[in-house]
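There are 2 protein chains.
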Amino acid sequence: MGLDYRVRCCPDGLMTDRRRSVRVLDVTLRDGGLCNQWHFDEGLVRDTWQALQQAGVDVMEVGYQASPDLVPSGPFGPLRWSREDDLRRLFDASGMRLSCMIDVGRIRPTDLRPAADSLIDVLRVACYAHQVDEAIELCHAALELGYDVFCNVMAVTMCSPQEVDGFLDKLRASRVPAVAVVDSFGAMYPHHLRYLIRKYKNWLRPDQEVAVHLHNNQQTAFANAIAAVEEGVDWIDASVFGMGRGAGNVPLELLLMHLDDPRHDVRPVLGLLDRYVALRDELRWGYEVPYGVTGWLNQHPRAAIARMKATPVDPLGFYDELVADRPRAAHHRPQREQGVVG
Amino acid sequence: MGLDYRVRCCPDGLMTDRRRSVRVLDVTLRDGGLCNQWHFDEGLVRDTWQALQQAGVDVMEVGYQASPDLVPSGPFGPLRWSREDDLRRLFDASGMRLSCMIDVGRIRPTDLRPAADSLIDVLRVACYAHQVDEAIELCHAALELGYDVFCNVMAVTMCSPQEVDGFLDKLRASRVPAVAVVDSFGAMYPHHLRYLIRKYKNWLRPDQEVAVHLHNNQQTAFANAIAAVEEGVDWIDASVFGMGRGAGNVPLELLLMHLDDPRHDVRPVLGLLDRYVALRDELRWGYEVPYGVTGWLNQHPRAAIARMKATPVDPLGFYDELVADRPRAAHHRPQREQGVVG
Chain F
1 MGLDYRVRCC PDGLMTDRRR SVRVLDVTLR DGGLCNQWHF DEGLVRDTWQ ALQQAGVDVM
61 EVGYQASPDL VPSGPFGPLR WSREDDLRRL FDASGMRLSC MIDVGRIRPT DLRPAADSLI
121 DVLRVACYAH QVDEAIELCH AALELGYDVF CNVMAVTMCS PQEVDGFLDK LRASRVPAVA
181 VVDSFGAMYP HHLRYLIRKY KNWLRPDQEV AVHLHNNQQT AFANAIAAVE EGVDWIDASV
241 FGMGRGAGNV PLELLLMHLD DPRHDVRPVL GLLDRYVALR DELRWGYEVP YGVTGWLNQH
301 PRAAIARMKA TPVDPLGFYD ELVADRPRAA HHRPQREQGV VG
Chain Y
1 MGLDYRVRCC PDGLMTDRRR SVRVLDVTLR DGGLCNQWHF DEGLVRDTWQ ALQQAGVDVM
61 EVGYQASPDL VPSGPFGPLR WSREDDLRRL FDASGMRLSC MIDVGRIRPT DLRPAADSLI
121 DVLRVACYAH QVDEAIELCH AALELGYDVF CNVMAVTMCS PQEVDGFLDK LRASRVPAVA
181 VVDSFGAMYP HHLRYLIRKY KNWLRPDQEV AVHLHNNQQT AFANAIAAVE EGVDWIDASV
241 FGMGRGAGNV PLELLLMHLD DPRHDVRPVL GLLDRYVALR DELRWGYEVP YGVTGWLNQH
301 PRAAIARMKA TPVDPLGFYD ELVADRPRAA HHRPQREQGV VG
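Each protein sequence line maps, in turn, to chains F and Y. At position 300 of the first sequence the residue is numbered 300 (the working numbering), and the sequence of numbers has no breaks. At position 219 of the second sequence the residue is numbered 219 (the working numbering), and the sequence of numbers has no breaks.
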């Protein structure tokens, strides 16, 4: 076919400017840890850090932080709560920036350590829409301590449009520099995500960045990431082989091939994949029908995750249980949870 | 959250007219048979027919037809070549229409049986772009014999724009009533598919229908189907749990939930899924990294299918082998095969 660009009728190059300016935040260890309680082999953790660094990933999220007395203790691996000595044992301060997620209600602003004393460069504050005031307070505390900060408002598909406007209004008035559109339930089709990205971008100040965190319950995570690039987002979350709870996330390898950015190199990520495929065969994340059902119904995947442990899974029985009490549309089909999908 | 539709900011209802007019063609047995050489349990075949019929699927594709002397014989299950007595043993003439695929070069027009003597109602003629003249001849012969007919031009992502214009020009001048956009390699992102659907719809006569057949190599099959609905296609191919060679197809269960069409009912399909999940665990279709690599490179998945039988799979070595001889873009990344993706 040759290399005559004039005959190529649909070059991805039309989106080159956007594909090559978006930044990638890897959540393999943080979100993937939900599959194995953060009991990662430490050799794999170090190799993942090394590979992502070589691949040109912009930020690697390694785990959560919390105030010890505000969270249950449990037999978790060390990245669950990201103690500084564990981080220093596993990672290197040079190169790629590292992030932690912090949940509103699970950490006091006074328990945050100064960024100068930590390997962590970025804190991502997770909250629900009704917690946005506390989230902004936590974001401001983290900014004061020298971190880069995101605010991730989870489960936005459950919000009414007024609720979305409400928290965006508060975020616009804040010093929070970046806000993520979070499809916690994997409920979004691409047109839902495009709508929300446009809303976030319109509503926030031009100097505030927009990120996306997507789940694959309905096999739309990667395609939603493509839509997010087209809509001009600044940050996309992804994970190696899509590792993450339930149906998982945007596969980093597919995203890096799509972005085709000279700053990135997919090869080191491909070099990790035999080991992550073995983990998937053991831990079984990825699309399964119950995740598709909860995604479509716009509800939390916890029922699907529990159901996947049953034998037989019986997807029809699962569906019937979930929709039994739902209102019906005019044509007698069950309604999804109302919100910005529907 | 209530049911106040006024507060729903992004109703899928905006696409209701298109979602509820598109028709669904199931390829579980025909395309899925590529995974198991059509050695399906006959009880499952009958239950699949029954469930798809109850689900309101418009057409069920059961296998291929060929002239016996033009195809290799082999230890195939009965649906491989769809002998009429096998069909009559497995299916019922009432209700849902049945289709077969026929490949240009593997069947003589004179070997087609009249539609009145067959359980089959629809023939889908598969060809490559350079075979479109023979395909049109076969389509016309099938029309004369009383069939509904599609022409599926495979691997369109390898064609130059001029080649696409060329075969569409011939199809427009023909009596072929429906033409499919076929993403044989799973190479398309949604914007590629949208481009091609617009081209097909513009180029063909208004009375000619447009269909899509999609593969999931890059986890975009279902999202591409959503894009196809939005672009106003008439037919979408899908299969139960995405069953199909390599990375598989559009999952029928996700598609029916998305379409939300009163003519459809997803429940009978969900009732099949424990058995199809068991088949998937045995036959292993669905996304794996080598399929993503061949999809991105815009090449046939046969190398990836072979590679998936290796231990370890070594996706990095696989990638390096495939791209070794490819020309490089300005930024030293390997080029995909040129064509309408790129």
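Virtual Cβ for every residue (Gly too), placed ideally from N, Cα, C. The structure displayed is predicted, hence computed values, not measured ones.
Taking only beta-carbon positions, decide if Y/Q208 is within less than 8 Å of chain F. For the purposes of this step, residue 208 of chain Y is taken as the residue at position 208 of the second sequence. Output row for Y/Q208: interface = no.
Assuming Y/Q53 is part of the alpha helix (DSSP H), what are its boundary residues? Sequence index remark: in the second sequence, residue 53 of chain Y carries index 53 (1-based). Note, Y/Q53: alpha helix (DSSP H), E42 to A55.
Count the other C-beta atoms from every protein chain shown that fall within 10 angstroms of the C-beta of Y/K309, then say buried if there are 16 or more, exposed otherwise. Position 309 of the second sequence holds residue 309 of chain Y. Exposed, since its Cβ has fewer than 16 Cβ neighbours within 10 Å.
List the DSSP bridge partners of F/W235. Taking the first residue of the first sequence as 1, we reach residue 235 of chain F at position 235. The partner list for F/W235 (beta bridge, DSSP) reads F/R23 and F/A211.
Is the region 282-300 of chain Y touching the region 264-274 of chain Y, taking contact as three or more C-beta pairs under 8 Å? no
Please give me, in chain order, every unbroken run of the alpha helix (DSSP H) with length at least 4 that falls completely inside the region 78-161 of chain Y. 84-90 and 132-144
What does the Cβ neighbour count give for F/G43, buried or exposed, with the cut at 16 atoms within 10 Å? Translated into positions along the first sequence, residue 43 of chain F becomes position 43. With fewer than 16 other Cβ atoms within 10 Å, it is exposed.
Could you list which residues in chain F have their beta carbon closer than 8 Å to that of Y/T220, in chain order? Residue numbering aside, residue 220 of chain Y sits at position 220 when the second sequence is read from its first letter. Per Cβ cutoff of 8 Å: F222, A223 and I226.
On the premise that Y/V229 lies in contact with Y/Y200, defined as a C-beta separation below 8 Å, what is that separation, rounded to the nearest angstrom? Residue 200 of chain Y sits at position 200 when you count from the first residue of the second sequence. Residue 229 of chain Y sits at position 229 when you count from the first residue of the second sequence. Actually they do not touch by this definition, with Cβ atoms about 15 Å apart.
Helix, strand or coil for Y/A278 per DSSP? In the second sequence, counting from the first residue as 1, residue 278 of chain Y sits at position 278. Helix at Y/A278.
Quick one: list the residues of chain Y neighbouring F/V277, beta-carbon separation under 9 Å, in chain order. Indexing the first sequence from 1 puts residue 277 of chain F at position 277. Those are E288, V289, P312, V313 and P315, listed as they occur along chain Y.
F/G95: buried (16+ other C-beta within 10 angstroms of its C-beta) or exposed? As a position in the first sequence, residue 95 of chain F is number 95, starting the count at 1. With fewer than 16 other Cβ atoms within 10 Å, it is exposed.
Can you check which of these residues, F/R172, F/S174, F/V176 and F/V164, is closest to F/V182 by C-alpha distance? In the first sequence, residue 182 of chain F corresponds to position 182, counting from 1. Selected option, being the one with the closest Cα: F/V164.
Looking at C-alpha atoms only, which residue of F/F318, F/Y319 and F/Q335 is the closest neighbour of F/R326? Looking up residue 326 of chain F in the first sequence gives position 326. Checking every option, the nearest Cα to that of F/R326 belongs to F/Q335.
Compute the Euclidean distance between the alpha carbons of F/C139 and F/V125, then round it to the nearest angstrom. In the first sequence, counting from the first residue as 1, residue 139 of chain F sits at position 139. In the first sequence, counting from the first residue as 1, residue 125 of chain F sits at position 125. Cα to Cα, the separation comes out at about 7 Å.
Can you pull the DSSP bridge partners for F/R328? Position 328 of the first sequence, counting from 1, holds the residue named residue 328 of chain F. DSSP lists F/P334 as partners of F/R328.
In three-state terms, what does DSSP make of Y/M295? Position 295 of the second sequence, counted from the start, is the residue given in the question as residue 295 of chain Y. According to the sequence displayed, residue 295 of chain Y carries Gly and not Met. The answer is helix: DSSP assigns Y/G295 an H, G or I state.
Chain-order list of residues whose beta-carbon lies under 6 Å from that of Y/G93 (same chain, five-residue window excluded): Locating residue 93 of chain Y in the second sequence gives position 93, where the first residue counts as 1. Sequence inspection shows Ala at residue 93 of chain Y; the Gly mentioned does not correspond to that position. Result list for Y/A93: L119, in chain order.
Ignoring anything shorter than 3 residues, give me the beta strand (DSSP E) runs that lie fully in the region 242-273 of chain Y, in order along the chain. none
Kindly identify the DSSP beta-bridge partner or partners of F/Q65. In the first sequence, residue 65 of chain F corresponds to position 65, counting from 1. Per DSSP, F/I102.
So is Y/D31 in contact with chain F if we call contact Cβ pairs under 8 Å? Your numbering for residue 31 of chain Y matches position 31 in the second sequence. Not an interface residue.
Go ahead and label Y/E321 buried or exposed: buried means 16 or more other beta carbons lie within 10 angstroms of its beta carbon, across all protein chains shown. One-based indexing of the second sequence puts residue 321 of chain Y at position 321. Y/E321 should be labelled exposed.
Exposure label - Y/Q37; buried when at least 16 CB within 10 Å: As a first step, residue 37 of chain Y is located in the second sequence; it is residue number 37 there, counting from the start. Exposed, since its Cβ has fewer than 16 Cβ neighbours within 10 Å.
CB contact flag (F/N217, F/G244, <8 Å): Along the first sequence, one-based indexing puts residue 217 of chain F at 217. Along the first sequence, one-based indexing puts residue 244 of chain F at 244. No, the pair does not count as a contact, with Cβ atoms beyond the cut-off.
State the CB to CB distance for the pair F/V71 and Y/V277, rounded to an integer number of angstroms; the pair is presumed to be in contact (CB under 8 Å). For this step, residue 71 of chain F is matched to residue 71 along the first sequence. For this step, residue 277 of chain Y is matched to residue 277 along the second sequence. Contact flag wrong, Cβ pair sits at about 35 Å.
So what does DSSP say about Y/M60, is it helix, strand or coil? Translated into the one-based positions of the second sequence, residue 60 of chain Y becomes position 60. Correct three-state label for Y/M60: strand.
Just the chain F side, please: which residues come within less than 9 Å of Y/Y319 by C-beta, in chain order? Position 319 of the second sequence, counting from 1, holds the residue named residue 319 of chain Y. Those within 9 Å of Y/Y319 in chain F are V266, R267 and L270.
Which bits of chain Y does F/Y189 rub up against, with CB to CB less than 8 Å? Stepping through the first sequence from its first residue, residue 189 of chain F is reached at position 189. Chain Y residues near F/Y189: D12, A223, I226 and H258.
Take every Cβ of the region 188-208 of chain F, pair it with every Cβ of the region 236-243 of chain F, and state whether three or more of those distances are shorter than 8 Å. no
Cut-off 8 Å between Cβ atoms - residues of its own chain near F/R20, not counting five sequence neighbours on either side: Taking the first residue of the first sequence as position 1, residue 20 of chain F is located at position 20. Same-chain partners within the cutoff: L259, D260, D261, P262 and R263.
Any chance the region 99-119 of chain F sits against the region 46-53 of chain F, with 3 or more Cβ pairs inside 8 Å? no
Contact criterion: CB-CB distance below 8 Å. Does Y/W285 meet it with respect to chain F? Mapped onto the second sequence, residue 285 of chain Y falls at position 285. Judged by the 8 Å Cβ criterion, Y/W285 is not in contact with chain F.
Y/P315 classed as buried or exposed, judged by whether at least 16 other C-beta atoms fall within 10 angstroms: By 1-based counting over the second sequence, the position of residue 315 of chain Y is 315. Buried.
Along chain F, which residues have their Cβ under 7 Å away from the Cβ of Y/W296? Taking the first residue of the second sequence as position 1, residue 296 of chain Y is located at position 296. Result: M257.
So which residues of chain F does Y/G292 contact, with C-beta pairs closer than 8 Å? Sequence index remark: in the second sequence, residue 292 of chain Y carries index 292 (1-based). Near Y/G292 (Cβ distances below 8 Å), the residues of chain F are P251, E253, L254 and M257.
Minimum Cβ-Cβ distance from F/L171 to chain Y less than 8 Å: Counting from one through the first sequence, the residue named residue 171 of chain F turns up at place 171. Output row for F/L171: interface = no.
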